[in-house]
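Q:
Chains as they are written, first to last, in the numbering used here: chain A, 67 to 180; chain B, 3 to 118.
Here it is, written out as structure tokens:
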């Protein structure tokens, strides 16, 4: 059981480049999330999705885009990368929003923009 | 908006002793969920323990227990018989009940050091 899989694990981008962070889950979860974690900070929500075809902004969406064409996949797109987007990115999923539907996290992608 | 505050950036404890990590939160909701996540150097986010706000009884998972004080909006984590493997960042998190489609609100974390 793979759970939530994120690729790549590490990436270095130059300012202005674009890239897509991949996230896939094999638990048939409806809810998926993208968080970023800056040094010394907790996780902040970038975007979330409650099902295929439905996405919504979180706390820090600027500079990012997402899509959810299937239940399994929830890629995060960075357009015109900026140094402020240097962070560790986590994808997570959950079956629902109830107490017994905790978030399952991927292992994160460390992104550096120089 | 809900906020979660962890006032201890770093804590240190001797192996086999007990340590308590603090967490307070601010919400106008009456029903919600609270969580503690552990993040070891591997970066993986691991659920340690969770609590439903309407339950008075404090949650316990082996050596981990919480002290949930709803009126004070406090949710501390106690780790008994600390082990070297407990060394990690610990995050307190909040989720509204019955509508938390936008996931969890996290505190900034407490770095726990275990002294051998």
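Just so it is clear, CB atoms sit at the ideal spot from N, CA and C, and this is done for glycine as well.
Answer with yes or no whether the minimum CB distance from residue 87/B to chain A is below 7 Å.
A: Sequence index remark: in the second chain, residue 87/B carries index 85 (1-based). It does not; no Cβ of chain A falls within 7 Å.
Q: At least one CB of chain B closer than 7 Å to the CB of residue 111/A: is that the case?
A: By one-based count along the first chain, residue 111/A stands at place 45. Closer than 7 Å to some Cβ of chain B, the Cβ of residue 111/A qualifies, so yes.
Q: Would the stretch 13-20 of chain B and the stretch 118-127 of chain A be scored as touching if the rule is three or more Cβ pairs under 8 Å?
A: no
Q: Rounded to whole angstroms, what's the CA-CA distance from residue 128/A to residue 112/A? Just pull it up for me.
A: If you number the first chain from 1, residue 128/A lands on position 62. If you number the first chain from 1, residue 112/A lands on position 46. If I take the Cα positions, the gap works out to 8 Å.
Q: Contact defined as beta carbons within less than 8 Å: I believe residue 49/B pairs with residue 168/A. What is the distance between those atoms, to the nearest angstrom?
A: Position 47 of the second chain holds residue 49/B. Position 102 of the first chain holds residue 168/A. Right, the Cβ-Cβ distance comes to about 5 Å (below 8 Å), so this counts as a contact.
Q: Residue 169/A versus chain B: which residues are under 9 Å apart at the beta carbon?
A: Start at 1 with the first residue of the first chain, and residue 169/A comes out as number 103. Ordered by position in chain B, the residues that pass the 9 Å Cβ test against residue 169/A are 37, 39, 47, 49, 95, 97, 105 and 106.
Q: Using the rule of at least 16 other Cβ atoms within 10 Å of the residue's Cβ for burial, across every protein chain shown, is residue 124/A buried or exposed?
A: Here residue 124/A corresponds to residue number 58 of the first chain, with the count starting at 1. The residue in question, residue 124/A, is buried, as its Cβ has 16 or more Cβ neighbours within 10 Å.
Q: Shortest alpha-carbon distance to residue 99/B belongs to which of 11/B, 34/B and 7/B?
A: Sequence index remark: in the second chain, residue 99/B carries index 97 (1-based). Ranking the options by Cα distance to residue 99/B, first place goes to 34/B.
Q: So, at 6 Å on beta carbons, what are the nonlocal neighbours of residue 69/A in its own chain, with the 5 sequence-adjacent residues on each side left out?
A: Taking the first chain and counting its residues from 1, the one referred to as residue 69/A is at position 3. Only 170 meet the Cβ criterion.
Q: Do the stretch 135-144 of chain A and the stretch 73-80 of chain B make contact, defined as three or more Cβ pairs closer than 8 Å?
A: no
Q: Rounded to whole angstroms, what is the Cα-Cα separation between residue 26/B and residue 106/B?
A: Position 24 of the second chain, counted from the first residue, corresponds to residue 26/B. Position 104 of the second chain, counted from the first residue, corresponds to residue 106/B. Residue 26/B and residue 106/B: Cα-Cα distance of roughly 15 Å.
Q: Got a sec? Which residues, its chain only, sit under 6 Å from residue 145/A by beta carbon, not counting five neighbours each side?
A: For the purposes of this step, residue 145/A is taken as residue 79 along the first chain, with counting starting at 1. For residue 145/A, where only same-chain residues beyond five positions count, the Cβ hits under 6 Å are 84.
Q: Given 6 Å as the limit, tell me if residue 67/B has its C-beta closer than that to any heavy atom belonging to the ligand FMN.
A: Because no ligand of any kind appears in the structure shown, any question about the ligand FMN cannot be addressed here.
Q: So that I know if they touch, is there some Cβ in chain A lying closer than 7 Å to that of residue 110/B?
A: Indexing the second chain from 1 puts residue 110/B at position 108. Residue 110/B counts as touching chain A.
Q: Per DSSP, which one or two residues make a beta bridge with residue 110/A?
A: Looking up residue 110/A in the first chain gives position 44. Bridge partners of residue 110/A: 102/A.
Q: Is the stretch 82-101 of chain A close to the stretch 80-91 of chain B, with three or more CB pairs under 8 Å?
A: no
Q: Which one of 40/B, 38/B and 96/B has the shortest CA to CA distance from residue 30/B?
A: For this step, residue 30/B is matched to residue 28 along the second chain. The option with the nearest alpha carbon to residue 30/B is 96/B.
Q: Starting from residue 174/A, find everything on chain B with Cβ-Cβ shorter than 7 Å and list it in chain order.
A: Looking up residue 174/A in the first chain gives position 108. Within chain B, the residues 45 have their CB atoms less than 7 Å from the CB of residue 174/A, given in chain order.
Q: Identify every residue that forms a DSSP beta bridge with residue 35/B.
A: On the second chain, residue 35/B is found 33 positions in, with the first residue counted as 1. Note: residue 35/B is bridge-paired with 54/B and 97/B in the DSSP secondary-structure output.
Q: Where do the N-terminal and C-terminal ends of the beta strand (DSSP E) with residue 77/B fall, by residue?
A: Here the question's residue 77/B lines up with position 75 in the second chain. Taken as a continuous stretch (DSSP letters only), the beta strand (DSSP E) holding residue 77/B covers 76-81.
Q: Alpha carbon to alpha carbon, how far is residue 158/A from residue 61/B? Give it in angstroms, no decimals.
A: By one-based count along the second chain, residue 61/B stands at place 59. By one-based count along the first chain, residue 158/A stands at place 92. One C-alpha to the other measures close to 24 Å.
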